[in-house]
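The structure appears below as structure tokens.
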Amino acid sequence: MFDRRLVTNFDWGLLAITLTIVGIGLMQLYSAVHSGGTSHIVYYKQMIWISAGFFIMLLVFLFNYKRLDKWALFIYIGCILMLVAVHLVGKHVGGSTRWLVVGPLTVQPSEPVKLGMIIMLAKYFAGSVKPGGLGFRDLTNPILITAIPFFLIVTQPDLGTAGTLVLIAASMAFFAKIKKTTLISLLLIVVVILPMGWNMLEPYQQERILTLIFPNNDPLGAGYHIRQSKIAVGSGMLMGKGYLNGTQKMLSFLPEQHTDFIFSVLAEEWGFLGTSGVLLLFLVLIGFGLNIAYGCRDRFGIFLAVGITAMFFWQIFINIGMVLGIMPVVGMPLPLMSYGGSSLGTALVGIGLLMNISMRRFIKD
39 MFDRRLVTNF DWGLLAITLT IVGIGLMQLY SAVHSGGTSH IVYYKQMIWI
89 SAGFFIMLLV FLFNYKRLDK WALFIYIGCI LMLVAVHLVG KHVGGSTRWL
139 VVGPLTVQPS EPVKLGMIIM LAKYFAGSVK PGGLGFRDLT NPILITAIPF
189 FLIVTQPDLG TAGTLVLIAA SMAFFAKIKK TTLISLLLIV VVILPMGWNM
239 LEPYQQERIL TLIFPNNDPL GAGYHIRQSK IAVGSGMLMG KGYLNGTQKM
289 LSFLPEQHTD FIFSVLAEEW GFLGTSGVLL LFLVLIGFGL NIAYGCRDRF
339 GIFLAVGITA MFFWQIFINI GMVLGIMPVV GMPLPLMSYG GSSLGTALVG
389 IGLLMNISMR RFIKD
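In the working numbering, the protein residues as written are 39 to 403.
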């Protein structure tokens, strides 16, 4: 029998925020590509992804999220198998192998893997919370759960997504609480292995990090992306140049303007006021996620909501930091706004799970 409390507790506010951000993203995508000869194809593809994403989101919040606790291992293994398939039969583009071709679709498995890892970690942390905090032995499984997709993704190579997995897992672990001695030991280990990690980076990845520190060393080479993005953001000033009037975009000086650098397009056309409005919307979105976690009555739902909220926070933080030149260029899309079916679909499934938890957080089984 249908429970009317699900309708009563439906989170219309979260849906409204999501629709607003997606709408702004679609508007800016049109602006980013409207001067190109094939712009209509990109724009219509995004509309199809949005329609499909919202349909999947609808399906996601129809079932009880608590079932994911039992399905967690199977979901996680399925995600890992997709990453393995990328290494075996993946599509190679621009020096990276990140995509699987499935019929007419091109899928980037590293996007849904974020949710698969979050679900698996939520299952583990829900049953492992201790009043005194987690020790090394307690963190062995979470480290393994994170390390497997991390190494499969970083070898594609995709340092940005791999790093995001670590940040999401760390956020969930901090929320679960870590013993102070364990935390200090982990930080010391990270400091010790940093030089080794630097040597494992691809030359172009090292160059991007060095460019962040010395942006004027190679303004037409490695520093071109950051330089053009900062020009676009700065030229928007307070009010912006107006919709469709961004010169950096129109002259194609701004690279990847419909994907990783769509925030730069927004800043140039709408200025400080427009970008502040979008940042406020993202802040409200994060607030909704944390509020859902706070009001949830079961640990699995709490950790699931925290993990999804962390996923949005870190992607937003890294993307905007990247376009402002305070973080290296790592190919991170802006959630719900950048072009791309895999990224958009993963974000909308995440929103669907948050709405699922919100609808059922007051209901005791």
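Every residue gets a Cβ at the ideal spot worked out from N, C-alpha and C, and that includes glycine.
- Task: Could you tell me the distance, in whole angstroms, from the CA atom of GLY378 to the CA atom of SER69?
- Result: Here the question's residue 378 lines up with position 340 in the sequence shown. Here the question's residue 69 lines up with position 31 in the sequence shown. Cα to Cα, GLY378 sits roughly 16 Å from SER69.
- Buried or exposed: LEU391, going by 16 or more other Cβ atoms within 10 Å of its Cβ? Residue mapping note: residue 391 aligns to position 353 of the sequence shown, counting from 1. By the 16-neighbour rule on beta-carbons within 10 angstroms, LEU391 is buried.
- Query: Are the stretch 115-126 and the stretch 171-179 touching by the rule of at least three beta carbon pairs closer than 8 Å?
  - Reply: no
- Message: With three or more C-beta pairs closer than 8 Å as the rule, is the stretch 267-284 touching the stretch 304-315?
- Response: They touch, by the three-pair rule.
- Query: Do TRP352 and LEU205 have their CB atoms nearer than 9 Å?
  - Reply: Here residue 352 corresponds to residue number 314 of the sequence shown, with the count starting at 1. Here residue 205 corresponds to residue number 167 of the sequence shown, with the count starting at 1. Cβ atoms of TRP352 and LEU205: closer than 9 Å.
- Compute the beta-carbon to beta-carbon distance between VAL344 and MET210, rounded to the nearest angstrom, for a pair I have assumed lies under 8 Å. Locating residue 344 in the sequence shown gives position 306, counting from the first residue. Locating residue 210 in the sequence shown gives position 172, counting from the first residue. Indeed, because the Cβ distance is near 6 Å, the residues count as touching under 8 Å.
- Does the separation of the CB atoms of VAL361 and PHE299 fall below 9 Å? As a first step, residue 361 must be located in the sequence shown, where it is residue number 323. As a first step, residue 299 must be located in the sequence shown, where it is residue number 261. Yes, Cβ-Cβ distance for VAL361 and PHE299 is below 9 Å.
- Task: Would you decide whether PRO371 is buried or exposed? Buried here means 16 or more other CB atoms lie within 10 Å of its CB.
- Result: Position 333 of the sequence shown, counted from the start, is the residue given in the question as residue 371. Burial call: buried.
- Taking DSSP as the reference, what is the three-state secondary structure of HIS296? Numbered from its first residue, the sequence shown carries residue 296 at position 258. HIS296 falls in the coil class under three-state DSSP.
- Message: Our contact map puts GLY339 next to TYR103 with C-beta atoms below 8 Å; I'd like the distance itself, whole angstroms only.
- Response: Locating residue 339 in the sequence shown gives position 301, counting from the first residue. Locating residue 103 in the sequence shown gives position 65, counting from the first residue. Rounded, the Cβ-Cβ distance is 6 Å, consistent with contact.
- Item | PHE310 versus LEU317 - alpha carbon distance | Counting from 1 along the sequence shown, the entry for residue 310 is found at position 272. Counting from 1 along the sequence shown, the entry for residue 317 is found at position 279. So the alpha carbons of these two residues sit roughly 10 Å apart.
- Which runs of the alpha helix (DSSP H) fall wholly inside the stretch 294-364 and span at least 4 residues, in chain order? You should have 300-333, 337-361.
- Query: Is VAL368 helix, strand or coil by DSSP?
  - Reply: As a working mapping, residue 368 is identified with position 330 in the sequence shown. Three-state DSSP puts VAL368 in coil, outside helix and strand.
- Task: Output the boundary residues of the alpha helix (DSSP H) element that contains THR193.
- Result: Residue mapping note: residue 193 aligns to position 155 of the sequence shown, counting from 1. THR193 -> no alpha helix (DSSP H), and no H or E assigned at all.
- Between the beta-carbon of PHE99 and the beta-carbon of MET349, is there less than 9 Å? Numbered from 1 along the sequence shown, position 61 holds the residue referred to as residue 99. Numbered from 1 along the sequence shown, position 311 holds the residue referred to as residue 349. Result no, Cβ atoms of PHE99 and MET349 do not sit closer than 9 Å.
- Under a Cβ-count criterion, where at least 16 other Cβ atoms within 10 Å of its own Cβ denotes burial, should GLY165 be classed as buried or exposed? Locating residue 165 in the sequence shown gives position 127, where the first residue counts as 1. Classification of GLY165: exposed, given that the 10 Å Cβ count is below 16.
- Task: List the endpoints of the continuous alpha helix (DSSP H) containing ILE125.
- Result: If you number the sequence shown from 1, residue 125 lands on position 87. The amino acid occupying residue 125 in the given sequence is His; Ile does not appear at that position. Following the DSSP letters along the chain, one finds HIS125 inside the alpha helix (DSSP H) bounded by residues 106-127.
- Query: In three-state DSSP terms, what is LEU134?
  - Reply: Working through the sequence shown from its first residue, we reach residue 134 at position 96. A quick correction: the sequence has Ser, not Leu, at residue 134. It is a strand residue.
- Query: Using the C-alpha atoms, what's the distance from LYS217 back to PHE320?
  - Reply: Reading the sequence shown from its first residue, position 282 is the one you call residue 320. Reading the sequence shown from its first residue, position 179 is the one you call residue 217. Using only the alpha carbons, I get a separation of about 32 Å.
- Message: Going by beta-carbon coordinates alone, are LEU328 and TRP87 separated by less than 9 Å?
- Response: For the purposes of this step, residue 328 is taken as residue 290 along the sequence shown, with counting starting at 1. For the purposes of this step, residue 87 is taken as residue 49 along the sequence shown, with counting starting at 1. No, Cβ-Cβ distance for LEU328 and TRP87 is not below 9 Å.
- Message: In this structure, how does DSSP classify VAL167 when only helix, strand and coil are distinguished?
- Response: In the sequence shown, counting from the first residue as 1, residue 167 sits at position 129. It is coil, neither helix nor strand.
- Item | is_contact[GLN295, chain C] using C-beta, thresh 9 Å | No chain C appears in this structure, which consists of one protein chain only.
- Query: Tell me which same chain residues have a C-beta within less than 7 Å of the C-beta of MET39, skipping the five on either side of it?
  - Reply: As a working note, residue 39 is residue 1 in the sequence shown. With a pLDDT of 45 at MET39, under the threshold of 50, the modelled position of this residue cannot be trusted; read the value that follows with caution. Excluding sequence neighbours, MET39 sits near nothing in its chain.
- Query: Per DSSP, ILE216 forms a beta bridge with which residues?
  - Reply: The residue given as residue 216 occupies position 178 in the sequence shown. In the DSSP output, where bridge partners are listed per residue, ILE216 has LEU172.
- Measure the Cβ-Cβ separation of LEU342 and LEU106 and say whether it is below 9 Å. In the sequence shown, the residue the question calls residue 342 occupies position 304. In the sequence shown, the residue the question calls residue 106 occupies position 68. Yes, the pair counts as a contact, with Cβ atoms nearer than the cut-off.
- Which residue comes first and which comes last in the beta strand (DSSP E) that contains LEU143? Start at 1 with the first residue of the sequence shown, and residue 143 comes out as number 105. Note, LEU143: beta strand (DSSP E), 143-145.
- Message: On the criterion of 16 or more Cβ atoms from any shown chain inside 10 Å, does MET277 qualify as buried, or is it exposed?
- Response: Here residue 277 corresponds to residue number 239 of the sequence shown, with the count starting at 1. Classification of MET277: exposed, given that the 10 Å Cβ count is below 16.
- Out of curiosity, what's the CA-to-CA distance linking ILE191 and THR285? Locating residue 191 in the sequence shown gives position 153, where the first residue counts as 1. Locating residue 285 in the sequence shown gives position 247, where the first residue counts as 1. The alpha-carbon atoms of ILE191 and THR285 are separated by roughly 36 Å.
- Hey, would you say the C-beta of ASN283 is under 8 Å away from at least one heavy atom of the ligand GTP? As for the ligand GTP, it is missing from this structure, which has no ligand bound.
- Task: Give the DSSP-derived three-state secondary structure of MET39 in the structure shown.
- Result: Along the sequence shown, read from residue 1 onward, the residue named residue 39 stands at position 1. Residue placement at MET39 cannot be trusted, given a pLDDT of 45 that sits under 50; the coordinates are not used to answer.
- Task: Would you kindly check if the distance between the Cβ of MET375 and the Cβ of MET95 is under 9 Å?
- Result: Walking along the sequence shown from the start, residue 95 turns up at place 57. Walking along the sequence shown from the start, residue 375 turns up at place 337. Not closer than 9 Å, so no.
- Keeping to the same chain, check which residues put their C-beta closer than 7 Å to that of TYR81; ignore five residues upstream and five downstream. Looking up residue 81 in the sequence shown gives position 43. Counting only Cβ-Cβ distances below 7 Å, and skipping sequence neighbours, we find LEU67, TYR68, VAL71.
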